[in-house]
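*Asks:*
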Amino acid sequence: MAPAGKVAEFRREGSDWFCNAGLPSDFIVSVEGVNFQLHKFPLVSRCRKMAKEFEGTKSSHKGMSTMSLECFPGGPDAFLIAAKFCYGLRIDLAPRNIATVYCAADYLEMTDEYGDDNLLPKCEHYFHKNILHNWKDCILALQNAEPVIQTAEKLQIISKCTNALSTMMCTDPSLFGWPMMMYGSLQSPGGSILWNGINTGARIRSVESDWWYEDISYLCVDLFEKLIKTMESRGIRPEKISGAIMYYARKYLPGLGRWQGRQNGPARTVASFIMTPASVDQRVLLGCIVNLLPEKKSKPYCRFLLRLLRVALILGVSQECKDALEKRIGKQLELATLDSLLIPTYSNSDTLYETDCVQRILQHFISSDPEISYFSPSLIGVEASPSSEPLRQVAKLVDDYIAEVASDVNLKPDTIRALAEAFPETSRSLHDGLYRALDLYFKAHPWLSDKEKEQLCNLIDYQQLSIDACAHASQNERLPLRVVLQVLFFEQMQLRTAVAGCLQLVDPESGPAHPITAPSDMAGQIIQRDGWVTVMNQNRVLKVDMERMRSRVQELEQEFGRIKQDMKRVTKSQSSIGSPRMISRRIGSKLLPRSSEAQTDTVENTALPTRASVEQVLHPILTGTDVVKNVNKNNASLAVLCEALALENMARMLMLSDMLDINKRHQAQIITSLKDPDISIWRRAPDLLYGMCDASNAKDIDEELLQSLSFLLCNSTLISDNNFV
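Residue numbers (the UniProt record's numbering): 1 to 725.
1. With a floor of 4 residues, list each alpha helix (DSSP H) that falls wholly inside the region 407 to 445, ordered by position along the chain.
2. Per DSSP, what kind of secondary structure is VAL405 in: helix, strand or coil?
3. Looking at C-alpha atoms only, which residue of SER340, ILE228, ARG328 is the closest neighbour of LEU256?
4. What are the start and end residues of the alpha helix (DSSP H) that includes TRP135?
5. Can you grab the Cα-Cα spacing for the pair LEU315 / ARG11, in whole Å?
6. Any idea if THR467 is buried or exposed, counting beta-carbon neighbours within 10 angstroms, 16 or more meaning buried?
7. For the alpha helix (DSSP H) containing ASP106, list its first residue and its last residue.
8. Measuring from the CB of LEU448, is there a heavy atom of the ligand PLP at a distance below 8 angstroms?
9. Are there 16 or more other CB atoms within 10 angstroms of the CB of ASN97, so buried, or fewer, so exposed?
10. Could you name the residues that DSSP lists as bridge partners for GLU9?
11. Below 8 angstroms on the Cβ atoms is my contact criterion, and I expect GLN319 with LEU219 to pass it. Report the Cβ-Cβ distance as a whole number of Å.
12. Quick one: grab the DSSP three-state call for LEU38.
13. Quick one: using the 10 Å Cβ neighbour count with 16 as the cut-off for buried, is residue 727 buried or exposed?
14. Identify every residue that forms a DSSP beta bridge with TYR248.
15. From LEU286 to LYS322, what distance separates their C-alpha atoms?
16. I want to see whether chain B comes within less than 9 angstroms of LEU495, judged by CB atoms only; does it?
17. In chain order, what residues of the same chain have a beta carbon less than 7 angstroms from the beta carbon of THR337, not counting five sequence neighbours either side?
18. On the three-state DSSP scale, how would you describe THR66?
19. Quick one: measure Cβ to Cβ for LEU227 and LEU165, integer angstroms, because I've assumed they're closer than 8 angstroms.
20. Any contact of the region 228 to 247 with the region 156 to 164, i.e. 3+ C-beta pairs under 8 angstroms?
21. By the 10 Å Cβ neighbour count, where 16 or more other Cβ atoms means buried, how is GLY14 classified, buried or exposed?
22. According to the neighbour-count rule (16 or more other Cβ atoms, all chains shown, within 10 Å of its Cβ), is ASP116 buried or exposed?
23. Could you tell me whether the region 69 to 83 touches the region 122 to 131, where touching means 3 or more Cβ pairs closer than 8 angstroms?
24. For the alpha helix (DSSP H) that contains SER673, what are its first and last residues?
25. Pull the bridge partners of SER30 from the DSSP assignment, please.
26. On the DSSP bridge list, what partners appear for PRO344?
27. Using the rule of at least 16 other Cβ atoms within 10 Å of the residue's Cβ for burial, across every protein chain shown, is ARG569 buried or exposed?
28. In this structure, how does DSSP classify ILE216 when only helix, strand and coil are distinguished?
29. Leaving out five residues on either side along the sequence, give the residues of the same chain with a beta carbon under 8 angstroms from the beta carbon of LEU43.
30. Output the distance between the C-alpha atoms of GLU109 and ASN291, rounded to the nearest integer angstrom.
31. Please report the residue range of the alpha helix (DSSP H) in which ILE467 lies.
32. Identify the continuous alpha helix (DSSP H) that holds ALA152 and give its terminal residues.
33. To which residues of the same chain is residue 735 closer than 7 angstroms at the C-beta, ignoring the five residues directly before and after it?
34. Under DSSP, the alpha helix (DSSP H) around THR230 begins and ends at which residues?
35. Please state the DSSP three-state secondary structure of ASN291.
36. Return helix, strand or coil for LEU705, following the three-state DSSP convention.
If you want it as C-alpha cells, here you go:
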C-alpha cells in the first residue's frame, strides 16, 4: 500500500506506467510489452502469484527486480486495475470490464488469504449480485469475456451468464430491472405507469417474443453458439431458437438479408448502451449455424435453408457443410418454392444453374421417406393418400424447375432425364407439366436428334396428358413423328371413352360398350404396321376438319330439332296444290313420254324417297358414335351429315320473308344459270327457283322451268344420269 499521508497516482510515459507513491520503484512487471514500474510490497501483500514467484523471477536491473507475465488475461488494462487495487486506489467494476478483471484477479490469486476483501471475492460478489440479474449487463459481460473466453469458461462466467439469459428469455423483461420503454412505446388512455405516484394515463404494449434477437446478435460466434446450446438444454422452443439463428445469419452473412427480406421497423435493442457488432468469420459462422439449426419444417424455414445454401456455394465452404444443408432441405422439399430452388452456378461449370445440387436434394428427399420407394398405383385409392401429397408437390415443383432451366443451351439431355426420373411414374397425376418442360427444352435445343427427343419423350405417360395437352402435342412440329402418332392414338382413345360415357348417360338401358383394347398394346400394334407415316399424315389432315366440325356439331344438333318442328308447321300451312315442288312434279309428269307404262313406273320408283325414308337413312349417321376405320367411308358419312344439316337449315331460312326477298333479287341470275352446260351449276337452280316462287312471279318461273325441262328431255345423257328427277 502507499505510504501514510501519500496518495499513489499512476501516470503513463510512452509505453510504460509509473506509480508516484513517494518512493522510488523497486519492481518492474512486464505485461505484453508494457512495463509497470511499481513497488514490491503492495503487490506481494495482495497477490499470491507474486509472492510465490518473486524469488524465482528476481533479477538485477539497475538494482530492481523484474517479472514477465505471459498471456495475462485481459492484458495491460486488466493488470492496471489490479495494480491500482493493490495500492488501495478506488476501482470501478462495470459490466464492460467485470469478466477481464475477474479473470485477472484469479490469475494473480488475489484471495482473502492475502488481505480482507481482496479483488477476487469482490469480483465474485459484484458478478452474482449485479450482473446475473440484469439482461443488458449479462450481454455486456459476455461481450467483455470474448478475449478471455477460456479463463471465463473455467470460472463459469460464460455458463452462468448464458443460463441467466435463457431464464430471462422466457420471462417478462420488466421483472429483471431494465426499462420496458426500450421494447415498447406508450399508449393512452388507460394504463398503470406511475410517475411520483401519479398515474400517467399510459400503458406499455405487450412484449414481442423476438425482442432479444438483436441483443444477442452482438455476441461473437463462439459465445452465440454456447448461448444457443444452453437455450436448447433449458427447453426453449425450437421456433424461437431458429428465429434467433436466422436473425444472426442475416446480420453477418453477405446477401442473405437481401434475399430473405429485411424486417420492418427499427432494431429492438437496449437503449441505455451501445454495442459494436462482433467480428465474424463468415465461413466459420456458416458452419456453426448449420450445426445449430434445429429440426423444423415451415415454408420460411425452408426458404432460409435454400438461401443459406446459396451463400455456402458463394463462400466455398466445405463439402461436409453443403451436404448437411442439402440433407436438411431434402427433408422438407415439398415446402420449397421455385424461385428459391433456382440457384445460379458460382463455380466454373458450363451450366447456368446448380442442377447437380438439386439432384442431390431430390435424392435426400426420396431417401428421407421410405414409403416413396414403395409408391405404386396398387397402393393408391381413388383419392390420393395424405402421405403421397408431398411427393406430388415435389414432382410438380421439379417439372416447373425443368421448364425454367430448359433455356440453358449447355444443359445436357442426361441431366433432364435424371431430374425427371427421380420420382416414381405415379407421382404425377398429370404429365402436362413434364410435357411443357420438355417442349421448352426442345425449343431451346433444336439441334437434338429425333432419337434423343424420343428418349426424353418416353418419360411422358400419354394417358396422363389432358385433352388440351394432347391437342397441342399432336400439332407440335418439334416432336418426332413417332411421338406424335402415339399422342394422336391416345387422344382418340380419350375421345372414344368420353363419347361412350356420354352415350351411357343418355341411354342407360343400352348394353355395355364393347371392350377396349389396352392402349399400350394397341399403340404397339399401330407402330409396327406398314405405312404408319401415311396414316399419321392423313390423321393430321382429318384433324383440321374435325376440329372445325366439333365446335359446330352441338349447335347443329339443337338446330335440327327446331328445324323439324318448323318444317311440320310449314307443311301443314301450305297447300299441296300450291307447293312449288308439287308443281314441278306435275310439270315433269306432263313432259315425260308415256310410250310405255314400264317407263312411268321406273320414273315413279326412282323418285326421291319420302321424308320419313330420308330420316330413317340419316338417323344412324346423325346419332352414330362408332369410329369407322375405313377413311373413305368415314368421309362419306361426314359429307352426308353436313349436307343434310345444311339443307335443313336452308329450308328453314327460306321460310323467312326476309330471306325470300333476298332470293328474289337474284331471280334473273338464277334463271340464266339454267342454260349453263355445267351440271353442278344448273342442278341447284330449280331448287332455288322453287324456294322464291309465289303468286307474283309464278308465271315467269314456270315458263323458264318448262324451257329448261324441254332442254333436258332432249339430252338423254342427263336424263339417264337421273340427277334432276
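Glycine included, every Cβ here is placed at the ideal spot set by N, Cα and C.
*Replies:* From the atom records:
1. 413 to 420, 432 to 444
2. helix
3. SER340
4. 135 to 144
5. 48 angstroms
6. Residue 467 is actually Ile in this sequence, not Thr. So ILE467 counts as exposed.
7. 98 to 108
8. Absent from the structure shown: the ligand PLP. Ligands present: none.
9. buried
10. ASN20
11. 28 angstroms between Cβ atoms; not a contact.
12. strand
13. In the structure as shown, the chain starts at 1 and stops at 725, and residue 727 therefore has no counterpart that could be examined.
14. Partner(s): none; TYR248 has no beta bridge.
15. 10 angstroms
16. Reference to chain B is not applicable here, since this structure consists of a single protein chain.
17. ARG303
18. strand
19. 6 angstroms
20. yes
21. exposed
22. exposed
23. no
24. 667 to 673
25. ASN35, SER68
26. TYR353
27. exposed
28. helix
29. PHE27, VAL29, MET50, ALA83, CYS86
30. 38 angstroms
31. 467 to 474
32. 149 to 154
33. Given a span of 1 to 725 for the chain in the structure shown, any question on residue 735 remains unanswerable.
34. 221 to 233
35. helix
36. helix
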